[in-house]
Amino acid sequence: MRSSSVWTSRSTVKEKNETRIILDQCDSGRRDDAVMARFAAENLHLVHAEYEFYVQRNKGHINPMLQFATALVDTGIQVTFLHTEHNLRRFAQAHPPGLRLLSIPDGLPDDHPRGFLAFMESMCTAGSAAYRALLLALLSAADAPVTCVVADGTMPFAIEIPEEFGIPALSFVTHSACSYLAFLSMPKLVELGETPFTADDLVCSVPGMEGFLRRRDLPRGLYCTEQGDGDPLVLKFAEAVGRTSKACALIFNTAASMERPALAHLASGTSDVFAIGPLHARSSSAASPSLWREDDGCMAWLDGHEDRSVVYVSLGSLAVITHEQFTEFLSGLAATGYAFLWVLRPGMVKTTSPALLGEAVGAAEGGKRRVVEWAPQRDVLRHRAVGCFLTHAGWNSTLECAVEGMPMVCWPFFVDQQTNSRFVGAVWKTGLDMKDVCERGVVERTVREVMASNEIRAAAQAMAQQLRLDVAEAGSSSSELERLVRFVRELSVRSSLKPRINGN
Numbered sequence: 002m003r004s005s006s007v008w009t010s011r012s013t014v015k016e017k018n019e020t021r022i023i024l025d026q027c028d029s030g031r032r033d034d035a036v037m038a039r040f041a042a043e044n045l046h047l048v049h050a051e052y053e054f055y056v057q058r059n060k061g062h063i064n065p066m067l068q069f070a071t072a073l074v075d076t077g078i079q080v081t082f083l084h085t086e087h088n089l090r091r092f093a094q095a096h097p098p099g100l101r102l103l104s105i106p107d108g109l110p111d112d113h114p115r116g117f118l119a120f121m122e123s124m125c126t127a128g129s130a131a132y133r134a135l136l137l138a139l140l141s142a143a144d145a146p147v148t149c150v151v152a153d154g155t156m157p158f159a160i161e162i163p164e165e166f167g168i169p170a171l172s173f174v175t176h177s178a179c180s181y182l183a184f185l186s187m188p189k190l191v192e193l194g195e196t197p198f199t200a201d202d203l204v205c206s207v208p209g210m211e212g213f214l215r216r217r218d219l220p221r222g223l224y225c226t227e228q229g230d231g232d233p234l235v236l237k238f239a240e241a242v243g244r245t246s247k248a249c250a251l252i253f254n255t256a257a258s259m260e261r262p263a264l265a266h267l268a269s270g271t272s273d274v275f276a277i278g279p280l281h282a283r284s285s286s287a288a289s290p291s292l293w294r295e296d297d298g299c300m301a302w303l304d305g306h307e308d309r310s311v312v313y314v315s316l317g318s319l320a321v322i323t324h325e326q327f328t329e330f331l332s333g334l335a336a337t338g339y340a341f342l343w344v345l346r347p348g349m350v351k352t353t354s355p356a357l358l359g360e361a362v363g364a365a366e367g368g369k370r371r372v373v374e375w376a377p378q379r380d381v382l383r384h385r386a387v388g389c390f391l392t393h394a395g396w397n398s399t400l401e402c403a404v405e406g407m408p409m410v411c412w413p414f415f416v417d418q419q420t421n422s423r424f425v426g427a428v429w430k431t432g433l434d435m436k437d438v439c440e441r442g443v444v445e446r447t448v449r450e451v452m453a454s455n456e457i458r459a460a461a462q463a464m465a466q467q468l469r470l471d472v473a474e475a476g477s478s479s480s481e482l483e484r485l486v487r488f489v490r491e492l493s494v495r496s497s498l499k500p501r502i503n504g505n
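If you want it as structure tokens, here you go:
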């Protein structure tokens, strides 16, 4: 009879003895991966906790976490994918097979807009209590008790609660390693007055980026201030990152070839760091769920254009621009003389209906324009007719561009996008950074330069070639994924031998 402890392994003496034999092999360096894999298939139960905010529009966290969960299922690990109830209703049909789906309430009404700060506050109260109860139930399960948790790196409680129960918890980071390092450096930046601001002063307090990162390249919220107190959204995010960085490992959807210095700095401050991306480039990755119906007709439209003659424009699933900014973008794009395919989501342009936006674009000189509410982005980026991507530089879009060798024009909106765009322009040199400027002349000049630049295209294609090697068998990212699977299995073996508190 159980008292105040809960065991995650099955309770027979034979099974515990087998577990101890495997653990002895791990400690002595004689680990048998085949034996470990068999144990994992029978005993390892990993909970993948994903809590997305702005769910009406955003899929930036869900897609890579689904891809990672699918990669784990492919290795024989039993995975439960945990959503909020609000998310699960929208994504249940899009999940790949092999995943068990569970949900918890986020504490907000269905019609709530779920902005970042409100969502975080609600999840830290109502959501965390529900998560604790569900995790305790999973711990007590007779068939396959949970032995490990991988959680979204923006939710500290999703890491801290399982650790209270003695369950190893890993943090899955959906941002770039360079922006994550900038977030970790934010307390020191605020202390020194190096807060995000539209200025070119070099920042000295983000390790490894002293020579090129400017204040305008730091993660920011919806506004900048020159005051030392910083932006509340960014500071809240930085606090969350600081707490989740204490997980027993950090998992990044990136490749060492892209972000080696940042990964090295992060590895010096934590026990284990894994760079396993770009996950979407793995052949077995799950298809990405979409919140809008994708307009496949745009692919036929692209077929009718010459090679590298079309500019693809999409500012992601969160950016909201003014009508004046829309007009500047439209005028600048029209002045280039290139055809363009523009993703204009409902509600993206303030106080302007989609119909009026479509009419404005259709009236642009030349008639070589197409507007869609959403597009199959990966297919668009690999189409021969597309010559560059005008993007917000979100990490998923940046990775998709990198894999396809597509040159970029970056107009970042907020948070990590500012840092990503600086790396595109100043480090990788696979595009140009147009942040903080929205003028038709600048749009025209920047797009023309990227479309015509052989140097930028060559750098983008070289990066794509390297990333294909990284995700191929024996490549750096594939090897890191294999190392991560072994790490999770070993953690789970150790976890299964520990008595667990029941949370009462």
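So in our numbering the end of the sequence shown lands on 505, straight run, no missing numbers.
Note that CB positions come from ideal geometry on N, CA and C, so glycine has one too.
- Shortest Cα-Cα distance from residue 278 to any of 496, 495, 493, 66 involves 66.
- Per DSSP, residue 343 is one residue of the beta strand (DSSP E) stretching across 340-344.
- Pairing residue 344 with residue 375 gives a Cβ-Cβ distance under 8 angstroms.
- The bridge partners DSSP lists for residue 411 are 392, 434.
- The beta-carbon separation of residue 72 and residue 280, rounded to 7 angstroms, stays under the 8 angstroms limit for a contact.
- Residue 497 is bridged by DSSP to nothing; it lacks a bridge partner.
- About 17 angstroms separates the beta carbon of residue 441 from that of residue 340, a gap too long to meet the 8 angstroms contact definition.
- Taking each of 111, 137, 109, 107 in turn and checking the Cα distance to residue 48, the smallest one comes out for 137.
- Here residue 182 is not near residue 236, since their CB atoms are 8 angstroms or more apart.
- Under the three-state reduction of DSSP output, residue 214 falls in the coil class, being neither helix nor strand.
- DSSP, reduced to helix, strand and coil, places residue 439 outside both helices and strands of the structure shown, so it counts as coil.
- The Cβ-Cβ distance between residue 371 and residue 342 falls below 8 angstroms.
- Contact between the region 306-313 and the region 423-437 is absent: fewer than three C-beta pairs spanning the two stretches fall below 8 angstroms.
- Our two residues, residue 384 and residue 465, have alpha carbons roughly 15 angstroms apart in a direct line.
- For the pair residue 477 and residue 369, the Cα-to-Cα distance works out to about 42 angstroms.
- Boundaries of the beta strand (DSSP E) harbouring residue 81: 79-85, taken from the DSSP string.
- Per the C-alpha coordinates, the member of 179, 149, 126 positioned closest to residue 156 is 126.
- Under DSSP, residue 152 shares a beta bridge with 50, 172.
- For residue 372, the enclosing beta strand (DSSP E) begins and ends at 370-373.
- Residue burial is scored here from C-beta neighbours: residue 400 has at least 16 other C-beta atoms within 10 angstroms and is therefore classed as buried.
- Counting of Cβ neighbours within 10 angstroms places residue 352 among the exposed residues, the total staying below 16.
- Within 10 angstroms of the beta-carbon of residue 112 lie fewer than 16 other beta-carbons, which makes it exposed.
- Shown here, residue 475 sits in coil according to DSSP, grouped into three states, outside any helix or strand.
- Rounded to whole angstroms, residue 447 and residue 270 show a C-alpha spacing of 39 angstroms.
- Taking a 10 Å sphere around the C-beta of residue 254, we find 16 or more other C-beta atoms and assign the residue as buried.
- Following the DSSP letters along the chain, one finds residue 276 inside the beta strand (DSSP E) bounded by residues 274-276.
- For residue 101, the beta-bridge partners assigned by DSSP are 81.
- Taking all protein chains shown into account, residue 403 has 16 or more neighbouring C-beta atoms within 10 Å of its C-beta and is therefore buried.
- Residue 214 and residue 386 have their C-alpha atoms roughly 34 angstroms apart.
- By the criterion of at least three beta-carbon pairs nearer than 8 angstroms, the region 173-182 is in contact with the region 245-264.
- Residue 187 holds the alpha-carbon nearest to the alpha-carbon of residue 243 among 462, 50, 187.
- Residue state for residue 206 is assigned as coil, using DSSP reduced to three classes.
- For residue 283, the secondary structure class from DSSP, reduced to helix, strand or coil, is coil.
- Within the same chain, 105, 106 come within 6 angstroms of residue 131 by CB-CB distance, once the 5 residues on both sides are set aside.
- Here residue 253 is bridged, per DSSP, to 174, 276.
- Of 489, 162, 496, the smallest CA-CA separation from residue 74 is found for 489.
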